[in-house]
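Written below as C-alpha cells is the structure these notes are about.
Protein chains in written order, with full-length UniProt numbering: chain C, 1 to 470; chain U, 1 to 470.
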C-alpha cells in the first residue's frame with residue numbers, strides 16, 4: 001500500500017476533482033444527483049479509473065459528494081453560509097483565561113512574550129521524529145488500541161526509576177499517566193475535593209490554577225509567595241483559619257516568580273499540612289529545567305499526603321499530550337476509576353511511546369542540557385533588555401524561561417497588556433496570577449519568546465500609552 | 001542526526017551498560033560515587049567515547065545513574081524494593097467499572113468478547129502509518145506546539161462539510177475538538193450540570209454514562225429503550241416527574257442494544273425536551289458504522305438544544321485520541337474556557353493531524369466500506385454461534401459490532417461473567433448497562449472479538465457453572 005497514492009500524478013487527480021467541482025458549481029450536477037460512473041468518467045477524462053476513485057474519495061472527504069455503498073457517489077446538499085462566515089474575536093476581561101486564550105489562539109503574526117511555553121524551534125524535533133518513526137515500525141496494537149488504565153507500563157517503570165534516583169520511592173503502579181499535567185491536576189481535584197471545599201494557592205500562582213479550581217466550585221485562599229516558597233507563618237494561619245482540604249503549588253521554578261522552595265520552608269509546609277490534614281498537589285512540570293533538583297515536598301513526604309504532577313509539555317512537546325500523577329496506591333485506584341469514567345482509559349499509547357522513546361535514547365537529556373545553557377543566557381540578556389525599559393526582574397530564577405518583573409512607576413500591567421495587544425503582542429499582566437489582585441504593577445515575561453527585535457519598542461510604547469497611576 | 005543511534009552496534013553500547021550495572025550491583029561503584037570519565041572508560045573498554053556517552057545516557061534514563069551538568073555522571077541511590085513488588089489485581093463488584101477495567105487491563109492471554117472496541121488488526125494500520133509519516137515531514141510547530149483552543153482548524157472544517165452533507169449546518173467554529181468522545185461528554189456535563197441535577201439516560205445504556213454521571217454528583221433516571229429509541233411515553237413522564245436538565249443517549253447503533261432511533265421517536269423526543277427545556281447529548285461515536293445515516297436528534301434540532309459528540313476511537317484508532325463536540329456557538333465559548341481550565345488547550349495537534357490525514361486521502365472511507373461488510377458477516381455468524389448455546393440476540397442491528405442477547409433459562413449475566421473470568425474471558429453482563437438493574441439475564445457480545453475458537457466452549461461452561469435461577 002505504502003506510497004501508492006504518492007506515485008500517482010497529483011495533477012491528474014486534481015484535474016478530475018476540478019472538473020467535478022465546476023459541474024457542481026454550475027449546477028450541471030445538482031444536489032442529490034448521481035455522479036458519472038467511475039469507468040465512464042475515467043474514459044471521458046482520459047485518465048485511469050483509479051485516478052477517478054481517488055478524486056471522488058477526496059471530494060467525499062471534503063463533503064462535496066457522498067458515497068452510498070454499492071450505489072455510487074452523489075452530490076451532497078448545498079454548503080451552509082455559516083461555513084464561510086468568520087466570527088469576530090471575543091473581547092474579554094483581563095482575567096485568568098485572558099493569557100491562555102490569547103496565547104493559544106494567537107495568529108502567526110502575533111508575538112507572545114506572555115505565553116507559557118518555548119518556541120517550536122527550541123524543541124527537539126529530530127528526536128520526536130526519530131521516536132515516532134521507531135513506533136511506526138512496531139505492531140498495530142500500539143497504533144490502534146486503547147492503552148492500559150494506568151498508561152504505558154514501560155514509561156511508568158522509567159519514571160519510577162528516575163524518582164528513585166531522586167530519593168522518591170514509588171512503584172510503577174503508583175504512577176498514572178494522563179493527557180497533560182493540567183488534566184492530571186484536574187483528576188486529583190475531582191478525587192479529593194467536594195464543591196464548597198477550600199483550597200490554598202500561592203499568591204501569585206499559575207493563573208490556570210484559579211480557572212481550574214473555579215471549575216470545581218471551591219473557595220480559594222491565597223498565601224503570599226516568597227523567594228523560598230510560601231510565607232510559612234501566613235500558610236499556617238490560613239490552614240488554621242480556613243480548614244482547607246488541599247494546597248496546590250509548584251515547588252521548583254515556581255510559576256510565575258521562578259523561585260524555588262527551600263528545604264526549611266518545605267519542612268514547615270509539610271508539618272503544618274500534617275497538623276491540619278491538608279493534602280498537597282505539587283505540580284512539578286518545570287522540574288527538568290533545574291540545573292540540580294531543589295527540595296521537593298513529594299520527596300520529603302514520600303507520597304503520603306503529597307501528589308506529584310509532571311508532564312513533558314514544556315520540555316519535549318505540547319502537541320504530544322502526556323502528563324502523570326504519582327500518588328498513594330489507594331488514591332491511584334480511585335483516580336483510575338475517575339479517569340476511566342471521564343476520559344475512558346489513559347493518555348494516548350502513541351503519545352506515551354514517543355515520550356518513552358526520547359527519554360530512553362538519551363536525546364531528551366541532551367536536549368535539556370543544551371536548553372538549560374541557552375535559557376540561562378537568554379534570562380540574562382532579557383533581564384538587561386527589560387532593565388533598559390525600566391522593568392526590573394524581582395527574582396533571579398535558577399532555571400526555566402520566566403522572569404517576574406515590576407513595571408516602572410506603578411504602571412498597571414492589564415493596561416499595558418491591552419495596549420500591547422493592539423500591536424499584536426501578548427503579555428501576561430501580574431494580576432492574572434494573583435487571587436488577591438495585589439500584583440497590578442507586575443508582569444511575567446517568557447525570555448524564550450523575546451527574540452523578535454520589535455518587542456522592546458512595542459513594550460516601550462505600551463508602557464507610555466498605558467494610563468499613568470493615580 | 002537521523003539514524004545516528006541506529007548505526008552504532010547495539011551490542012557495544014549494551015556491553016558498556018552491563019559493565020556499569022555489574023559494578024553498581026557489586027558496590028564497586030557505590031551510590032553517589034562518580035562514574036569513570038567517558039574518555040577513560042572508553043579506553044578501558046576498547047570502544048569509542050560516543051558509545052560510552054550513549055550507554056551512560058541510557059543508564060541515566062533508567063535512573064541508575066545521574067548526570068550533573070558540567071561535572072559528569074554519578075551512581076544514583078538504591079532502587080526501592082517497591083519497584084519489584086507486583087500488586088495483586090483488585091477484586092471488584094460487577095459494577096459499571098467492571099467491564100471497563102477488566103477490558104482495558106486485560107493481559108494478552110485474555111479474550112474480550114465483552115469489550116467495546118475492534119481488534120487492532122481490524123483497524124487501518126497502513127493508513128495511520130502513512131498519515132503519521134506525512135506529518136513528520138511537516139514543520140516543527142505541529143510536533144511541538146499547543147494547538148488552538150478549538151483544535152485543528154482543517155479537521156474542524158472537514159467535519160463541518162461532512163455535517164453539511166448530512167443536513168446539519170454548523171460553522172467550523174461550532175466544533176470543539178477534545179481528547180476523546182468520553183472527555184467531550186464530560187466537558188459538556190461540566191458545562192450544563194450542577195451537583196444534584198437530574199439526568200435521564202436510556203435503560204439499558206453504555207455503562208460508562210453511569211460512571212461519568214456519578215463523577216458529576218447528579219441523580220440518574222433511566223427510561224426503557226425500545227427497538228426504535230427511548231419509550232416516548234415513559235420519556236415524557238420522566239421529564240414531567242423529575243425535571244431533568246439533560247438527556248444523554250446514542251441515537252445510531254445504540255450501545256448496548258444496537259437499535260437505531262426512528263424519525264417518529266426522534267421528533268417526539270425533541271418535542272418533549274423542548275416542552276421541559278431539557279438539553280440533549282447525542283453521543284454519535286458509532287455513526288460511521290451505519291450503512292446509511294439514520295435519523296439524528298442533532299440534525300432535526302439544528303444544534304439548538306442538542307450537542308453532537310463524535311470520535312474516531314472505534315473506527316480508526318483508540319491510541320490516537322481525538323473526539324469532538326458540535327454545539328451552539330455560545331456553548332462552545334463556555335466549553336473552550338472549561339477545556340483550557342481542565343486540560344490546557346485542546347487535543348493533541350499531532351492526533352488531530354493523523355485523523356485529518358486518513359479522512360482526507362480516502363483511506364478512512366475505504367476502510368469503513370470494508371469494515372461494514374466484514375461486520376455484517378460476523379454479526380450473522382456470531383448470532384448463529386450464540387444461538388447454538390441457547391443465547392438469543394434480541395435485536396438485529398443494522399451495523400456495528402454489538403449483539404444484545406438474552407441468556408438461556410434466566411441465567412444471571414454477572415454470575416456467568418465471573419465464571420468466564422476464571423478462564424480469562426471478559427464478558428459484559430447486562431446489568432452493568434442497566435440503571436434499574438433489570439437486565440440480569442442479558443449480555444452484550446462484541447462480534448469482532450469472538451474469533452477465537454475456544455470462546456464458545458468457555459461460554460458454554462460458564463453458563464453451566466453459573467448458578468441456576470431460583
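Using N, Cα and C, we set each Cβ at its ideal position, and we do this for glycine too.
Step through the CB atoms of chain U and report whether any lies within less than 8 Å of the CB of residue i.
i: residue 337 of chain C; result: yes
i: residue 133 of chain C; result: yes
i: residue 67 of chain C; result: yes
i: residue 460 of chain C; result: no
i: residue 305 of chain C; result: no
i: residue 117 of chain C; result: yes
i: residue 315 of chain C; result: no
i: residue 197 of chain C; result: no
i: residue 219 of chain C; result: no
i: residue 114 of chain C; result: no
i: residue 362 of chain C; result: yes
i: residue 33 of chain C; result: no
Taking the beta carbon of residue i as the centre, do at least 16 other beta carbons fall within 10 Å, making it buried, or is it exposed?
i: residue 436 of chain C; result: exposed
i: residue 147 of chain U; result: buried
i: residue 466 of chain U; result: buried
i: residue 39 of chain C; result: exposed
i: residue 302 of chain U; result: exposed
i: residue 370 of chain C; result: exposed
i: residue 392 of chain C; result: exposed
i: residue 219 of chain U; result: exposed
i: residue 139 of chain U; result: exposed
i: residue 397 of chain U; result: buried
i: residue 260 of chain C; result: buried
i: residue 298 of chain U; result: buried
i: residue 31 of chain C; result: exposed
Could you tell me whether the Cβ of residue i comes closer than 8 Å to any Cβ of chain C?
i: residue 123 of chain U; result: yes
i: residue 105 of chain U; result: yes
i: residue 54 of chain U; result: yes
i: residue 38 of chain U; result: no
i: residue 447 of chain U; result: no
i: residue 340 of chain U; result: yes
i: residue 239 of chain U; result: no
i: residue 260 of chain U; result: no
i: residue 11 of chain U; result: no
i: residue 102 of chain U; result: no
What separation, rounded to the nearest whole angstrom, lies between the Cα atoms of residue i and residue j?
i: residue 86 of chain U; j: residue 344 of chain U; result: Low confidence applies to residue 86 of chain U: its pLDDT is 33, below 50, so where it sits in the model is not reliable, and the reading given next is rough at best. Their Cα atoms are separated by approximately 34 Å.
i: residue 12 of chain U; j: residue 286 of chain C; result: 34 Å
i: residue 20 of chain C; j: residue 44 of chain C; result: 12 Å
i: residue 67 of chain C; j: residue 366 of chain U; result: 10 Å
i: residue 193 of chain U; j: residue 245 of chain U; result: 7 Å
i: residue 201 of chain C; j: residue 177 of chain U; result: 30 Å
i: residue 332 of chain C; j: residue 104 of chain U; result: 16 Å
i: residue 230 of chain U; j: residue 289 of chain U; result: 21 Å
i: residue 207 of chain U; j: residue 340 of chain C; result: 11 Å
i: residue 76 of chain U; j: residue 380 of chain C; result: 32 Å
i: residue 387 of chain U; j: residue 407 of chain U; result: 10 Å
i: residue 411 of chain U; j: residue 155 of chain C; result: 43 Å
i: residue 99 of chain C; j: residue 126 of chain C; result: 30 Å
i: residue 22 of chain C; j: residue 294 of chain U; result: 31 Å
Next on the checklist: Please identify, using Cβ separations under 9 Å, the residues of the region 139-152 of chain U that lie next to chain C, in order along the chain.
Outcome noted: 139, 140, 141, 142, 143, 144, 145, 146, 147, 148, 149 and 150
Checklist entry - Closer than 8 Å, Cβ to any Cβ of chain C: which residues of the region 270-297 of chain U, in chain order? => result 291 and 292
Item to check | Chain-ordered residues of the region 422-436 of chain U with a beta carbon less than 8 Å from chain C | outcome: none
Next on the checklist: Give the list of continuous alpha helix (DSSP H) stretches no shorter than 4 residues that lie fully inside the region 131-157 of chain U.
Outcome noted: 140-144
Checklist entry - Taking the runs of the alpha helix (DSSP H) that are 4 residues or longer, which of them lie wholly in the region 218-278 of chain C? => result 232-242 and 263-275
Checklist entry - Unbroken beta strand (DSSP E) runs of length 3 or more, entirely within the UniProt domain "HTH gntR-type" (10-78) of chain C: which are they? => result 65-68 and 72-75
Checklist entry - Given a limit of 9 Å on CB to CB distance, which residues of the region 397-423 of chain C reach chain U? => result none
Item to check | Any alpha helix (DSSP H) of 4 or more consecutive residues that is wholly inside the region 323-401 of chain U | outcome: 329-343, 349-360 and 363-388
Item to check | Those runs of the alpha helix (DSSP H) which lie wholly inside the region 283-318 of chain C and span at least 4 residues | outcome: 297-301
Item to check | Selection of the region 341-353 of chain C by Cβ proximity to chain U, strictly under 8 Å | outcome: 341, 342, 343, 344, 345, 347, 348, 349, 350 and 351
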